[in-house]
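S.K.: First the structure, which I've put down as structure tokens, then a few questions once you've had a look.
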Amino acid sequence: MRKSIVWSAVAAVGLSLGVAIPATATPAPVAAQSAVPQNLSPEVQQVVDNLPAMRAAAEAGRARLGLGESPVRDALLAAIDPTQYECSAATPPVVAAIMPDLSTWTFEQRLAVLHVLLFDMALMDAVYFPQTGPFTYGARGEFTHKVEKTFKDLKGFWDIDSSDIELVPAHGRVMLDADRDYRVFTVLYGANPAASRVSADLVARELNSATLGYGDLPLFTFNAYAAPGGEDIPGYGKSPRRIAYGDGVLDGFKLVGLDDVAPAAILGHEYGHQVQYADGLMRPDLPAPEASRWAELMADSFSAYFLTHARGEAMNWQRVRDFGQMFYQLGDCGFTGAGHHGTPNQRMRSAEWGSGLAATTLPRGHILPAQTFAGLFKAYYPQLIAPDATS
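Written out as structure tokens, the structure reads:
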């Protein structure tokens, strides 16, 4: 899922706190000290004082884990020209639906949420640390059956070894456990233990309130992530090959009426990344934003093919348009960002291309091998990313 949504949320919370949140990997200092209350408790003041160092640890960790943003490069501008693409500045409906009323939050709550979003805490806990079942999906568990069935179907659909792929939920409520928060700060991001302790205690305490949904606000887990596994996690060995599915992305799309299609579409996209990992379909030879766009648009196409195929979800045309709209909402024009997913139009076109391939390939009912599908995608890719500006 698109990481820039998370960063947009961080920026909104950061501005309300009076701190500058960077768009790149360069830590920013507190920008407006006058916005910070003067009579903070010693513990909260310590968190504020530690914030620049904690932010630096977050950025360094995101970069090490492959989640960080990259600086703008002149070579990238030659490959992707943002003046030639249609992209709206309007907030996507699903993002608007999950944004809470920040005016009701205390300073301490905003400070806690800033940590949650900077470190992507619940998702990273789910991706890299041991998880125990039974698992449920969605904050209230109503998506569990659909998600588990789709995962089983995907494993039987694509021709890769899926025996070691794990599917786990990312629940915001896990952040009410200060020890789990501390583990994310220190083990994954290498943050200072003392600073991490006070930040972890703050996060666990402040999220444990009705205002912050007892940790389960969709904003906190509005993401899903496919990890290839094999990374060294200190004290835990090699990381698993895993898909982590945030409650927030399921609950968020329910708010905009796409809950009938989003669970399968998003999981199909993330499983598409696992297909890419298994078959060597990533493009490390490309500049970071273009490599990301290639991977994300191919994953959109993988998902659409599965959802439309008679031996997949077998969705009809109207539902195809629904999940195309879903991908459209998650498009971005962050042409210089390492996590660029493609513009809204490119994501819609990729979904439509994948669904069209499922509908027209003969014999009907035949599932293309993933490598064959990837070859067809490669041939069509220049048309998917062709400039489309109308003015």
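Taken in order, the sequence shown gives residues -25 to -1, 1 to 366; the numbers are from mature numbering (1 follows the signal peptide of the UniProt record, and there is no 0).
We treat Cβ as the ideally placed atom computed from N, Cα and C, and that holds for glycine.
So, THR81 versus ALA145, is the Cβ gap smaller than 8 Å?
M.R.: Cβ distance not < 8 Å, so THR81 and ALA145 don't count as in contact.
S.K.: What residue does the alpha helix (DSSP H) around GLU245 start on, and which one ends it?
M.R.: Here the alpha helix (DSSP H) through GLU245 covers 237 to 254.
S.K.: What would DSSP say about ASP222, mapped onto helix, strand or coil?
M.R.: Three-state DSSP puts ASP222 in a helix.
S.K.: Take the Cβ of HIS341 as the centre, count every other Cβ of all protein chains shown within 10 Å, and call the residue buried at 16 or more, exposed below.
M.R.: Its Cβ having fewer than 16 others within 10 Å, HIS341 is exposed.
S.K.: Check whether the Cβ atoms of GLY317 and TYR280 sit closer than 8 Å, and answer yes or no.
M.R.: Not in contact: GLY317 and TYR280 (Cβ atoms no closer than 8 Å).
S.K.: Taking 8 Å as the threshold (C-beta atoms), are SER325 and GLY272 in contact?
M.R.: The amino acid at residue 272 is misidentified as Gly; the sequence shows Leu. Against a cut-off of 8 Å, the Cβ pair of SER325 and LEU272 comes out as a contact.
S.K.: Classify TYR252: buried if its beta carbon has 16 or more other beta carbons within 10 angstroms, exposed otherwise.
M.R.: TYR252 comes out buried.
S.K.: Take ALA333 and list the residues in its own chain whose beta-carbon comes closer than 7 Å to its own, dropping the five residues that flank it on each side.
M.R.: Taken in chain order, the residues that qualify are TYR280, THR283, HIS284.
S.K.: Within 10 Å of its beta-carbon, does PRO215 have 16 or more other beta-carbons around it, so buried, or fewer, so exposed?
M.R.: Looking at its Cβ environment, which holds 16 or more other Cβ atoms inside 10 Å, PRO215 is buried.
S.K.: Taking only three categories from DSSP, how would you classify ASP134?
M.R.: DSSP places ASP134 in coil when its eight states are reduced to three.
S.K.: Roughly how many whole angstroms lie between the Cα atoms of HIS90 and ARG339?
M.R.: If you take the alpha carbons of HIS90 and ARG339, they lie about 50 Å apart.
S.K.: Between VAL162 and ARG155, how many whole angstroms is the CB-CB distance? I'm expecting something under 8 Å.
M.R.: Contact doesn't hold; Cβ gap of about 10 Å is too wide.
S.K.: The beta strand (DSSP E) spanning GLU83 covers which residue range?
M.R.: Not the beta strand (DSSP E): GLU83 falls in the alpha helix (DSSP H), residues 82 to 94.
S.K.: Go ahead and pull the three-state DSSP assignment for ASP24.
M.R.: Correct three-state label for ASP24: helix.
S.K.: Tell me which residue opens and which closes the beta strand (DSSP E) that GLU141 is part of.
M.R.: Segment 141 to 145, the beta strand (DSSP E) holding GLU141.
S.K.: What do you get for ASN198, buried or exposed, if any count of 16 or more other CB atoms within 10 angstroms of its CB means buried?
M.R.: Buried, since its Cβ has 16 or more Cβ neighbours within 10 Å.
S.K.: Examine the Cβ distances between the stretch 69 to 88 and the stretch 19 to 26 and report whether three or more of them are shorter than 8 Å.
M.R.: With the cut-off at 8 Å, the stretch 69 to 88 and the stretch 19 to 26 touch.
S.K.: Using three-state DSSP, classify ASP207 as helix, strand or coil.
M.R.: Strand.
S.K.: Exposed or buried, what is ARG37 when buried is set at 16 or more other beta-carbons lying within 10 Å of its beta-carbon?
M.R.: That one is buried.
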